[in-house]
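Student: The structure that follows is given in the form of structure tokens.
In the working numbering, the protein residues as written are 1433 to 1655.
And the structure:
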């Protein structure tokens, strides 16, 4: 039960801090800035990994949990409870933000800007591919690499949010997109953010298998 609560708390923190930064930036005339928002997303992921990683693995993302299952590092019976915990944490954060900022129309909902829906799908798939690839690679192996996992993963989130945020919102996380969409009622293009991350995570696990046959995801597989 501890790990499910851990996933709920971590995803709550991600949505509250990340989409909260978007909301505050909007209502304050851009004081946080786009780069500031990207940094908030990266830092909250990094700190929550160090705070909760030993308890649940610090997924905070249904696509990441699915990827860990594909990599044979999460039991199938754990996948749905992990996802429910993550969605519950995200929705709770968005409800709280709605109570705090009732005038904001989207609550930080991810929506494509300047690009078509198919392009958005491809973009989100690629973004999640690189995020999951980094997560898989830095969360196994030497102890020294494990100690830096939070920095690497948080840095990847901030990097992708910095360059892709202006065009796709750089979600890479179905729970992060679903929560504000449900609470604000903005469902446009939501299907992209609920499907592309799972495809990207799946491709990343397969690619890790090609990179090294010593990876746990390659056990009992033909790579």
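Backbone N, C-alpha and C define an ideal beta-carbon position, used for all residues, glycine too.
1. Determine whether the beta carbon atoms of residue 1471 and residue 1590 lie at a separation below 9 Å.
2. Output the residue ranges of the alpha helix (DSSP H) runs that lie fully inside the stretch 1609 to 1653 and measure 4 residues or longer, sorted by chain position.
3. Run the CB neighbour count on residue 1434, radius 10 Å, all protein chains shown included, and call it buried at 16 or more, exposed below.
4. State the DSSP-derived secondary structure class of residue 1484, mapped to helix, strand or coil.
5. Taking the CB atoms as reference points, tell me whether residue 1454 and residue 1469 lie closer together than 9 Å.
6. How should residue 1580 be labelled, buried or exposed, when 16 other C-beta atoms within 10 angstroms of its C-beta is the threshold for buried?
7. For a test of the three-state rule: what should DSSP assign to residue 1558, helix, strand or coil?
8. Using only alpha-carbon positions, find the residue among 1506, 1497, 1446 and 1508 that is nearest to residue 1521.
9. I'd like the span of the alpha helix (DSSP H) that includes residue 1453, first residue to last.
10. Compute the Euclidean distance between the alpha carbons of residue 1604 and residue 1625, then round it to the nearest angstrom.
Tutor: According to the data block:
1. Their beta carbons are under 9 Å apart, which means residue 1471 touches residue 1590 by this criterion.
2. Annotation note: the stretch 1609 to 1653 contains the following uninterrupted alpha helix (DSSP H) runs of length 4 or greater, listed N- to C-terminal: 1622 to 1643.
3. Using a 10 angstroms sphere on the CB of residue 1434, the tally of other CB atoms stays under 16, which defines it as exposed.
4. When secondary structure is reduced to three states using DSSP, residue 1484 falls in the helix class.
5. Result yes, Cβ atoms of residue 1454 and residue 1469 sit closer than 9 Å.
6. Answer is exposed; the Cβ neighbour count stays below 16.
7. Here residue 1558 sits in helix by DSSP.
8. The candidate whose alpha carbon is nearest that of residue 1521 is 1446.
9. 1434 to 1459 is the span of the alpha helix (DSSP H), which, as asked, contains residue 1453.
10. Roughly 7 Å between the two C-alpha positions.
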